[in-house]
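J.: Residues in the sequence shown are numbered consecutively from 1, following the UniProt record's numbering.
Virtual Cβ for every residue (Gly too), placed ideally from N, Cα, C.
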Amino acid sequence: MSLTTEFTTTDGYKLTLNTGLFINNEFIEGSSTIETVNPSTGQVITAVQAAGEKEVDLAVEAAHKAYYGGWKTSNPRERARLMNKLADLVDRDMDELAHIETLDNGKPLTDAKSFDVPGLAAQLRYFAGCTDKVHGKVIETQGKLSYTIHEPIGVCGGIIPWNFPLAMLSWKIAPALAMSNTVVIKTSELTPLSALRFASLVVEAGFPPGVINIITGYGHITGDLLARHNRVSKIAFTGSTAVGRLIMKAAAETNLKKVTLELGGKSPNIIFDDVENLDEAVFWSRLGIYMNAGQVCCAGSRIYVQEGIYDQFIEKFKALAASGTVGNPYDEKTIQGPQISERQFDRVMGYIETGKSEGATCLLGGNRVGDAGYFIEPTIFTDVTPKMKIMQEEIFGPVVAISKFKDVDDVIEMAHDTDYGLAAAVFTSSLKRAITVSNRLEAGTVWVNCYNQISENTPFGGYKQSGNGRENSVYALDNYTQIKAVKINIGL
Ligand code: NAD
Ligand code: MG
1 MSLTTEFTTT DGYKLTLNTG LFINNEFIEG SSTIETVNPS TGQVITAVQA AGEKEVDLAV
61 EAAHKAYYGG WKTSNPRERA RLMNKLADLV DRDMDELAHI ETLDNGKPLT DAKSFDVPGL
121 AAQLRYFAGC TDKVHGKVIE TQGKLSYTIH EPIGVCGGII PWNFPLAMLS WKIAPALAMS
181 NTVVIKTSEL TPLSALRFAS LVVEAGFPPG VINIITGYGH ITGDLLARHN RVSKIAFTGS
241 TAVGRLIMKA AAETNLKKVT LELGGKSPNI IFDDVENLDE AVFWSRLGIY MNAGQVCCAG
301 SRIYVQEGIY DQFIEKFKAL AASGTVGNPY DEKTIQGPQI SERQFDRVMG YIETGKSEGA
361 TCLLGGNRVG DAGYFIEPTI FTDVTPKMKI MQEEIFGPVV AISKFKDVDD VIEMAHDTDY
421 GLAAAVFTSS LKRAITVSNR LEAGTVWVNC YNQISENTPF GGYKQSGNGR ENSVYALDNY
481 TQIKAVKINI GL
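1) Could you give the residue range of the alpha helix (DSSP H) that holds I153?
2) Could you tell me which of E35, G20, T36 sits nearest to E29, measuring between CA atoms?
3) Is it the case that the CB of V243 approaches a heavy atom of ligand 1 more closely than 6 Å?
4) Use the C-beta contact count for V56: other C-beta atoms within 10 angstroms, 16 or more gives buried, fewer gives exposed.
5) Checking 7 Å against the spacing of the C-beta atoms, do Q336 and Y374 come in under that value?
6) Which one of R125, I314, C450, I309 has the shortest CA to CA distance from V474?
7) Does DSSP classify R231 as helix, strand or coil?
8) If you check the beta carbons only, do K389 and T445 fall under 7 Å apart?
9) What three-state label does DSSP hand Q306 in the structure shown?
10) Less than 8 Å between the CB atoms is what I'm expecting for V134 and T481, so what's the real figure, rounded?
11) Judging by CA-CA distance, which residue of S200, S466, A425, L225 is the nearest neighbour of T16?
12) Would you list the one or two residues that DSSP bridges to L103?
13) Out of curiosity, what's the CA-to-CA distance linking V282 and D104?
14) If the criterion is Cβ atoms closer than 7 Å, does the pair I395 and Y463 meet it?
15) When the Cα atoms are used, what is the spatial distance from L193 to I100?
16) In the DSSP assignment, the alpha helix (DSSP H) including W162 goes from what residue to what residue?
17) If the criterion is Cβ atoms closer than 7 Å, does the pair A50 and G217 meet it?
18) Taking the continuous beta strand (DSSP E) assigned at Q453, which residues delimit it?
19) Less than 7 Å between the C-beta atoms of A122 and E358, yes or no?
20) Starting from K333, trace the alpha helix (DSSP H) both ways and give me its first and last residue.
21) Opposite P268 in the DSSP bridges: which residues?
22) Below 7 Å between beta carbons: does that hold for P268 and A59?
23) Please find out if some non-hydrogen atom of ligand 2 comes closer than 6 Å to the beta-carbon of V37.
24) Verify the contact flag: C297, CB atom, against every heavy atom of ligand 1, threshold strictly below 6 Å.
25) Consider the C-beta atom of D104 and the heavy atoms of ligand 2; say whether any pair is separated by less than 6 Å.
26) Here's a check: name, in chain order, each residue in its chain whose Cβ is nearer than 8 Å to the Cβ of V117, leaving out the five neighbours to either side.
27) From E253 to Y310, what does the alpha carbon distance come to, in whole angstroms?
28) Please confirm whether A360 and F345 have their CB atoms less than 7 Å apart.
29) Q465 lies in the alpha helix (DSSP H); which residues open and close that run?
30) For ligand 2, is there a heavy atom less than 6 Å away from the beta-carbon of T436?
31) State yes or no: is the C-beta of K187 nearer than 6 Å to some heavy atom of ligand 2?
32) For Q344, which of helix, strand or coil comes out of DSSP?
33) Looking at the unbroken alpha helix (DSSP H) that takes in T241, where does it start and where does it end?
34) Using CA coordinates, which residue listed in W447, F198, A174 is at the minimum distance from R433?
35) What is the rounded straight-line gap between the Cα of T379 and the Cα of L278?
36) Could you please give me the residues that DSSP links to F460 through a beta bridge?
Structure follows, in structure tokens:
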């Protein structure tokens, strides 16, 4: 059976891809297949192999063998060389990787080229630089000398979502490899393609077989098998809070593997009336909610505007939101593509209906765009109250709720009225206010006078039910190492 498929993107780019499961540096057949859809058209692109119990076992065994067969004790310089080589290959094939990402996910090609694919290369290079910078401590105790070693964990599973397929892959792979772990990644069944192209680069870079394995399949089958596998020592998950709970449960019911979770959010974006440049605040706020069609875990989906500038903000924000081109993601003018699937489209439209029936005002949008694909107009709700569903639940679409506030205490109380705590933003020209409000906010990231600024050298993760553990930066290394204490009797 041929596992190679060819297709052409809507802008005429011809692609050839291996659609097998990537295990032991080979593409193999799965136990079933899954069709992946182009969300811009609703048409099937191709079918990929999906992993059942047998293939999940094969992938984990391959990673286990590679770990004990040399990767665990590999030279940091060699790991760094391979990771840097892989990053160079990603740069070389940037165009093709970006086209695949846009085809399978629907995100604007300009975003795939400026954020997703460069982000993948940057993660690999940043963590390549960490391979030789892991240091323990020396602790003097009475009559004994103690020192600590940061050791790898073993086989690390990564379960990733569909909103940033390559970026999420890199957030899981790069720190794990740098710390001498081997990996089995389960990609989202909605966006398996770009990771398969990446897999071919893993072979070309020269990674030993089994160090990086990439499989796909449905979450409740393949994801669950990986989360329950007794030879997987750690799972890193990004996705919904509901599935995050299931991952913890799976770990609890099996080998108590270590779990890190990067979950949803309902992030507050706070605009004070002393903001230096209202147009800039409007620009960032628009990016904060409509980037990636609102399918961003840290999206600024609740905007709070201080009374004095509320009307002005609304007028400018509405005008800017209405001006963005929604449609063909290969078109350079496009700033918003489709939702990922019909299911997500229906879910977001359902929230829009709920907002209306709960009595909020739909100031802009609320409708489908075009008659093919899953496009939704940039949507704004005003006259919202704190307990409305659209103020409490993660919509994961181009829908924002805007409300007014009086003072700092008032807005902090509203900002905290959620189970989430992933991110927040503050717009103000007062340094004192920026710092005091940032310090008070219960969120893993606070942006001041900007939004959605994420980089490989800065930690990212959630407070409250937005998750645990941090990704990106040296903080991420803690999740991929375990500490051993050695105590030596020096006879004093
Ligand atoms: P999801 O959480 O179901 O999927 C994320 C990943 O988890 C996918 O790879 C999926 O196959 C896997 N998965 C699903 N069920 C699993 C299980 N029982 N065991 C192991 N793995 C499993 O997300 P979704 O259903 O695609 O989207 C639903 C909502 O999740 C969205 O509307 C949004 O609110 C949220 N979401 C958040 C993020 C984020 O970045 N935080 C990303 C995607 C989705
Ligand atoms: Mg798809």
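T.: Let's see:
1) Locating residue 153 in the sequence shown gives position 153, where the first residue counts as 1. It is not in any alpha helix (DSSP H) - I153 carries neither H nor E in the DSSP assignment.
2) Position 29 of the sequence shown, counted from the start, is the residue given in the question as residue 29. Checking every option, the nearest Cα to that of E29 belongs to G20.
3) The count along the sequence shown starts at 1 and reaches residue 243 at position 243. Answer for V243: yes, Cβ within range of ligand 1.
4) Walking along the sequence shown from the start, residue 56 turns up at place 56. With 16 or more other Cβ atoms within 10 Å, it is buried.
5) Walking along the sequence shown from the start, residue 336 turns up at place 336. Walking along the sequence shown from the start, residue 374 turns up at place 374. The answer is no: Cβ separation not under 7 Å.
6) Reading the sequence shown from its first residue, position 474 is the one you call residue 474. Minimum Cα-Cα distance from V474 among the listed residues R125, I314, C450, I309 corresponds to R125.
7) Stepping through the sequence shown from its first residue, residue 231 is reached at position 231. Three-state DSSP puts R231 in coil, outside helix and strand.
8) Translated into positions along the sequence shown, residue 389 becomes position 389. Translated into positions along the sequence shown, residue 445 becomes position 445. Not closer than 7 Å, so no.
9) Working through the sequence shown from its first residue, we reach residue 306 at position 306. Strand at Q306.
10) Stepping through the sequence shown from its first residue, residue 134 is reached at position 134. Stepping through the sequence shown from its first residue, residue 481 is reached at position 481. Right, the Cβ-Cβ distance comes to about 7 Å (below 8 Å), so this counts as a contact.
11) If you number the sequence shown from 1, residue 16 lands on position 16. Distances from the CA of T16 to each of S200, S466, A425, L225 were compared; the closest alpha carbon is that of S200.
12) As a working note, residue 103 is residue 103 in the sequence shown. Note: L103 sits in no beta bridge, so no partner.
13) Residue numbering aside, residue 282 sits at position 282 when the sequence shown is read from its first letter. Residue numbering aside, residue 104 sits at position 104 when the sequence shown is read from its first letter. Approximately 30 Å, taken between the alpha carbons.
14) Taking the first residue of the sequence shown as 1, we reach residue 395 at position 395. Taking the first residue of the sequence shown as 1, we reach residue 463 at position 463. Cβ distance not < 7 Å, so I395 and Y463 don't count as in contact.
15) For the purposes of this step, residue 193 is taken as residue 193 along the sequence shown, with counting starting at 1. For the purposes of this step, residue 100 is taken as residue 100 along the sequence shown, with counting starting at 1. C-alpha of L193 to C-alpha of I100: approximately 7 Å in a straight line.
16) The sequence position of residue 162 within the sequence shown is 162, counting from 1. Premise fails: W162 is in no alpha helix (DSSP H) and is neither H nor E.
17) Your numbering for residue 50 matches position 50 in the sequence shown. Your numbering for residue 217 matches position 217 in the sequence shown. Yes, the pair counts as a contact, with Cβ atoms nearer than the cut-off.
18) Here residue 453 refers to the residue found at position 453 of the sequence shown. It is not in any beta strand (DSSP E) - Q453 carries neither H nor E in the DSSP assignment.
19) Here residue 122 corresponds to residue number 122 of the sequence shown, with the count starting at 1. Here residue 358 corresponds to residue number 358 of the sequence shown, with the count starting at 1. Against a cut-off of 7 Å, the Cβ pair of E358 and A122 comes out as no contact.
20) Counted from its first residue, the sequence shown places residue 333 at position 333. In the DSSP annotation of this structure, K333 is not part of any alpha helix (DSSP H), being labelled neither H nor E.
21) Against the sequence shown, residue 268 aligns to sequence position 268. Residue pairing by DSSP puts P268 in a beta bridge opposite R302.
22) In the sequence shown, residue 268 corresponds to position 268, counting from 1. In the sequence shown, residue 59 corresponds to position 59, counting from 1. Taking 7 Å as the Cβ cut-off, P268 and A59 do not qualify as a contacting pair.
23) Counting from 1 along the sequence shown, the entry for residue 37 is found at position 37. Result yes, Cβ under 6 Å from ligand 2.
24) Taking the sequence shown and counting its residues from 1, one reaches residue 297 at position 297. Answer for C297: yes, Cβ within range of ligand 1.
25) Counting from 1 along the sequence shown, the entry for residue 104 is found at position 104. D104 has its CB nearer than 6 Å to a heavy atom of ligand 2.
26) Residue numbering aside, residue 117 sits at position 117 when the sequence shown is read from its first letter. Excluding positions up to five away in sequence, the list reads V90, M94, L97, A98, E101, L166.
27) Translated into the one-based positions of the sequence shown, residue 253 becomes position 253. Translated into the one-based positions of the sequence shown, residue 310 becomes position 310. About 50 Å.
28) For the purposes of this step, residue 360 is taken as the residue at position 360 of the sequence shown. For the purposes of this step, residue 345 is taken as the residue at position 345 of the sequence shown. No, the pair does not count as a contact, with Cβ atoms beyond the cut-off.
29) The count along the sequence shown starts at 1 and reaches residue 465 at position 465. First-last for Q465: undefined, no H or E at that position.
30) Here the question's residue 436 lines up with position 436 in the sequence shown. No, the beta carbon of T436 sits no closer than 6 Å to any heavy atom of ligand 2.
31) On the sequence shown, residue 187 is found 187 positions in, with the first residue counted as 1. Correcting the residue type first, residue 187 is Thr in the shown sequence and not Lys. Relative to the non-hydrogen atoms of ligand 2, the Cβ of T187 never comes closer than 6 Å to any of them.
32) Taking the sequence shown and counting its residues from 1, the one referred to as residue 344 is at position 344. Helix at Q344.
33) Within the sequence shown, residue 241 is the residue found at index 241, counting from 1. Segment 241-253, the alpha helix (DSSP H) holding T241.
34) In the sequence shown, residue 433 corresponds to position 433, counting from 1. Across the set W447, F198, A174, the C-alpha of W447 shows the shortest separation from the C-alpha of R433.
35) Stepping through the sequence shown from its first residue, residue 379 is reached at position 379. Stepping through the sequence shown from its first residue, residue 278 is reached at position 278. Taking the straight line joining both Cα atoms gives about 20 Å.
36) For the purposes of this step, residue 460 is taken as the residue at position 460 of the sequence shown. F460 pairs with E471.
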